[in-house]
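A.B. asks: Numbering (the UniProt record's numbering), first residue to last: 1 to 689. Here it is: the structure, laid out below.
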Amino acid sequence: MAVQSDYRYSLTVNEHIQFDVVRFVLKEQLSSLFHLELDVASSGAEPDFFTIIDHNATLTFWQGEQAIRHVNGIVTSFNQGETGFSRTRYRMVIEPSLCRANLQSDLRIFQQQDSQKIIETLLQKNHTPQNQFHLQTPYWTREYCVQYRETDLNFIERLAAEEGTYYYFEHTKENHILHFANSTALSLKKGDLIYNAMPAGERPEAAIWHWAYEEKLSSTLQTLRDYTFTNPRYNQEHQAIVQKTNVLGENHQGQYERYDYPGRYKRDAQGKPFTQYRLDYERRESELAFAHSDDLRVQPGYVFGLTGHSRDAFNRDWLIVSVEHYGWQPGVLEEEAGEDGNRYENRIKLIPSTTQWRPTPQPRPVVEGSHTAHVVGPADEEIYCDEWGRVKVQFPWDREGQNNEHSSCWIRVSQGWAGAQFGHIAIPRIGHEVIVDFLEGDPDQPVIIGRTYHSTTEPPYALPEHKTRMTIKSKTHKGNGFNELRFEDENGQEEVFIHAERDQNNVVKNDETTQIGHDRSEQVGHDETIHIGNNRTETVGQDESLTVGRDQTNKINRNRMTKIEKDEVLNIGNNFVLDVYANQDVRSGRDHSHQANRNALVKVGTELKHHSKNIKMTGSTLVKVRGQAGTIVIDGKGITLKGKVTVKGALIQQGGTPESPQVLSFTANDVKPTCEVCEAMKNQKQHAG
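Here is the structure:
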């Protein structure tokens with residue numbers, strides 16, 4: 001291998017500390033941290049460890065005087081070994097700066113951000129500012145995304161895998177750049193690799209001397225489903241199926257389906273790419289090539305063409321998936337150097353450049369059990385919810401939340417009953433402590449399943465003093481009132497208590513039956529209106545008392561019948577007016593008495609009749625009967641008749657006194673009255689004439 005004699009390696013740490021490279025092993029792979037282990041030596045002063053650990057380091061591959069490739073990272077492990085005649089041996093590990101993300105873990109909430117924004121935030125936190133995203137399909141905004149007890153690296157890799165995105169590194173002398181890509185079609189081509197299977201020592205240039213190709217039986221169909229409460233009847237099912245031939249131009253045989261739920265997408269438009277990503281992952285190594293070479297240029301994430309293979313189908317572009325590099329430089333140990341010169345070789349794994357490579361889906365963290373949290377919202381609110389009754393909470397583990405309406409996503413609240421516009425609803429209020437569970441243990445899918453009291457939201461009644469009370473008691477929004485339905489179960493004190501802070505409305509669409517075993521008291525502070533659409537029957541077993549503070553008005557559109565088995569007493573403090581439109585009939589089984597302390601007036605429009613065996617009319621001072629043509633006055637002086645007098649029937653005369661004049665005498669059937677005095681006076685007038 002004539003080309004190997006030109007290879008050499010150098011290492012610089014912290015910009016100025018030089019080490020001689022004895023040997024190294026470098027492992028690189030898509031979506032993995034590269035890992036470089038080196039045996040090095042130095043004849044200089046023993047370095048301080050703090051100047052080595054966590055500092056920049058660069059391994060350079062040389063061919064002659066030309067730097068072919070750099071591997072840049074930070075020193076994560078440094079070991080001082082034996083000291084020989086003139087040199088001290090060291091062992092060192094170099095990894096990308098992204099490895100720092102494996103040293104930090106967090107519980108953190110991200111809202112309304114896409115995966116790129118979230119990943120960039122974590123990279124900045126871990127001092128990995130050199131990064132680039134190459135996206136053929138843009139990321140969707142994540143409404144709510146939780147890093148839950150994961151290292152920053154695990155979280156980054158999980159998000160990237162869900163988005164079908166792999167990462168790799170680009171190296172320069174001074175730094176390394178982290179690249180993210182969600183399509184192999186965006187990969188850069190670095191050149192061609194020569195296939196040369198000639199024996200060692202006969203290759204004038206770097207080449208692949210071993211090549212193997214294999215195919216694996218893999219799934220050909222991926223089906224995913226998911227659920228969203230905003231469209232519960234739609235199953236959000238998506239399928240992806242193999243639609244390509246292999247590098248040999250052959251079609252795939254068989255249909256092997258992988259089905260999973262949930263697909264971890266809430267928008268239907270996300271379902272299609274997520275399903276394709278899962279199928280791509282299952283088939284990423286369905287066509288795989290293995291190669292051994294001594295070409296220093298190969299590294300994951302880049303495309304190289306293969307030339308010189310006897311099977312022309314293999315002479316095409318391939319994407320490097322992983323590489324293991326091995327290098328030896330024994331000559332730097334002068335006192336220990338043998339006859340072997342510098343050597344280098346690698347082991348390469350490749351896939352066709354047209355195959356999509358997706359990273360292994362990372363297991364999401366599982367919340368083992370429920371959490372408590374406090375309901376939060378704007379500073380001037382007491383109740384804060386959306387159209388579905390969802391609320392926001394502050395978890396006790398969230399260090400970045402500000403106990404306001406931005407502390408979490410909207411979280412659904414389990415209710416006792418939830419139907420189509422019917423059921424039970426009780427919105428947790430700001431400050432209340434709730435119990436939060438997570439669907440399938442997924443921290444991104446919280447749901448409130450309960451509530452509990454704590455020291456600042458105590459029960460409505462002191463306990464255990466009122467341990468027999470069960471209550472549903474609310475509180476006036478932005479006020480001090482309350483509504484309550486309370487049950488007291490203490491033996492001998494059983495009670496159902498209902499309190500309405502303002503209005504109470506009862507609607508009974510059919511019958512209502514109320515049975516009260518003892519007393520009932522009802523007090524209405526203002527007006528009461530009762531409307532009965534049909535009949536009303538009211539029965540009082542004993543006495544009834546009705547007190548009206550002012551007026552009472554009764555209106556009966558038809559008949560009224562009142563039956564009183566015994567006495568009725570009507571006491572009216574002022575006037576009494578009885579207005580009967582037609583007839584009035586008053587019947588008394590025995591006596592009937594009317595008494596007026598002053599005047600009494602009976603006014604009849606046509607005729608007044610009194611029927612009785614006896615009629616007595618008594619005026620203690622005066623009796624006066626007045627008609628159209630005359631008047632009868634009975635007073636203390638006697639009886640005075642004024643007007644024309646006609647008497648029909650017999651006249652009976654009885655003796656009289658000066659105080660009692662003669663009684664008129666009538667002749668039967670004589671229509672004229674006869675009076676001796678009158679006749680005598682009449683005759684006297686005639687004779688005088």
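Glycine included, every Cβ here is placed at the ideal spot set by N, Cα and C. Nothing here was measured: the structure is a model prediction, and the numbers come from that model.
1) Secondary structure at Q111, three-state DSSP: helix, strand or coil?
2) Which class does I53 belong to by DSSP, given the choice of helix, strand or coil?
3) Compute the Euclidean distance between the alpha carbons of T667 and K642, then round it to the nearest angstrom.
4) Pairs of beta-carbons, one from the stretch 403–412 and one from the stretch 435–454, closer than 8 angstroms: are there three or more?
5) Who does W328 pair with in a DSSP beta bridge?
6) In angstroms, rounded to a whole number, what distance separates the CA positions of L122 and F180?
7) Locate the alpha helix (DSSP H) running through G271, then write down its first and last residues.
8) I need the straight-line Cα distance from L306 to G254, nearest angstrom please.
9) Within 10 angstroms of its Cβ, does D294 collect 16 or more other Cβ (buried), or is it exposed?
10) At what residue ranges does the stretch 24–90 contain a whole run of the beta strand (DSSP E), taking only runs of 3 or more?
11) Considering only the alpha carbon of each residue, which of V577, S42, S10 lies closest to E65?
12) Return the chain-ordered list of same chain residues with a C-beta closer than 7 angstroms to the C-beta of Q116, the five sequence neighbours on each side being excluded.
13) Specify the secondary structure class of K190 as computed by DSSP and reduced to three states.
14) For the beta strand (DSSP E) holding D437, just list the boundary residues, first then last.
15) If you run the structure through DSSP and keep just helix, strand and coil, what is T184?
16) Let me know the secondary structure DSSP gives S97 once reduced to three states.
17) Is it buried or exposed for D670, if we count other Cβ within 10 angstroms and need 16 for buried?
18) Can you check which of these residues, Q243, D54, E162, is closest to T128 by C-alpha distance?
19) Using the Cα positions of R8 and I241, report the straight-line distance between them to the nearest angstrom.
20) Compute the Euclidean distance between the alpha carbons of L217 and A289, then round it to the nearest angstrom.
21) I'd like to confirm the pairing. Which residues does DSSP put opposite N126 in its beta bridges?
22) Among the residues of its own chain, which have a CB less than 8 angstroms from the CB of K603, if the five just before and after it don't count?
23) In whole angstroms, what separates the C-alpha of I432 from that of E495?
24) L153 and A98 - do their beta-carbons sit closer together than 8 angstroms?
25) If you draw a straight line from the C-alpha of T471 to the C-alpha of V393, how long is it?
26) Within 8 angstroms, do at least three Cβ pairs link the stretch 351–360 to the stretch 315–333?
27) Going straight from the alpha carbon of E82 to that of V40, what length do you get?
28) Could you have a look at F422 and say whether DSSP puts it in helix, strand or coil?
29) Looking at the secondary structure, which residues open and close the beta strand (DSSP E) in which A240 lies?
30) Which two residues bound the contiguous beta strand (DSSP E) that contains R142?
31) Where T220 and E285 are concerned, what is the direct C-alpha to C-alpha distance, given to the nearest angstrom?
32) Could you say if the stretch 461–475 and the stretch 489–508 meet the contact criterion of at least three C-beta pairs nearer than 8 angstroms?
33) Express the C-alpha separation of P359 and Y281 in angstroms, rounding to a whole number.
34) Can you say whether T606 is buried or exposed, counting buried as having 16 or more other CB atoms within 10 angstroms of its CB?
35) Since S157 and Q362 are thought to touch, with beta carbons under 8 angstroms apart, how far apart are those beta carbons, to the nearest angstrom?
36) Taking the C-alpha atoms as reference points, what is the distance between N246 and L279?
C.D. replies: For this structure:
1) If DSSP states are grouped into helix, strand and coil, Q111 belongs with the strands.
2) It is coil, neither helix nor strand.
3) Because T667 carries a pLDDT of 47, less than 50, the predicted location of this residue cannot be relied on, and the following value inherits that uncertainty. When rounded, the distance between both Cα atoms is 22 angstroms.
4) Segments in contact, yes.
5) DSSP output for W328 lists R23, R343 as bridge partner(s).
6) The alpha-carbon atoms of L122 and F180 are separated by roughly 14 angstroms.
7) Here the alpha helix (DSSP H) through G271 covers 268–282.
8) Linking L306 to G254 through their CA atoms gives a straight-line distance of about 30 angstroms.
9) That one is buried.
10) When DSSP assignments are scanned along the stretch 24–90, the uninterrupted stretches of beta strand (DSSP E) that are 3 or more residues long and fall wholly within it turn out to be 35–42, 56–63, 66–83.
11) Of the listed residues, the one whose Cα sits closest to E65 is S10.
12) So the qualifying residues of the chain are F133, Y139.
13) Of the three classes helix, strand and coil, the one that applies to K190 here is strand, per DSSP.
14) Taken as a continuous stretch (DSSP letters only), the beta strand (DSSP E) holding D437 covers 433–438.
15) Note: T184 maps to helix in three-state DSSP.
16) DSSP places S97 in helix when its eight states are reduced to three.
17) Interpretation of D670 is limited by its pLDDT of 48, a score under 50 that renders its predicted location unreliable; the figure taken from the coordinates is listed afterwards. Classification of D670: exposed, given that the 10 Å Cβ count is below 16.
18) Restricting attention to Q243, D54, E162, the CA atom closest to the CA of T128 is found in D54.
19) When rounded, the distance between both Cα atoms is 48 angstroms.
20) Put simply, the backbone Cα of L217 is about 15 angstroms away from that of A289.
21) Answer is none; N126 lacks a bridge partner.
22) The beta carbon of K603 sits closer than 8 angstroms to no other beta carbon from its chain once the five residues preceding and following it are set aside.
23) Reading off the sequence shown, one finds His at residue 432, where the question assumed Ile. In this structure, the alpha-carbon of H432 lies about 28 angstroms from that of E495.
24) Note on residue identity: the sequence assigns Leu, not Ala, to residue 98. Yes. Within cutoff.
25) Here the alpha carbons of V393 and T471 stand approximately 25 angstroms from one another.
26) In short, these stretches touch, since the Cβ pair count reaches three.
27) So the two alpha carbons sit approximately 11 angstroms from each other.
28) Correct three-state label for F422: coil.
29) It spans 238–241 - the beta strand (DSSP E) in which A240 sits, taken as one unbroken run.
30) Start and end: 141–151.
31) Put simply, the backbone Cα of T220 is about 13 angstroms away from that of E285.
32) By the Cβ test, the stretch 461–475 is in contact with the stretch 489–508, since at least three Cβ pairs between them sit closer than 8 angstroms.
33) When only Cα atoms are considered, Y281 and P359 end up about 7 angstroms apart.
34) T606 comes out exposed.
35) Correcting the residue identity first, residue 157 is Glu in this sequence and not Ser. Confirmed, about 5 angstroms.
36) Going from the Cα of N246 to the Cα of L279 covers about 16 angstroms.
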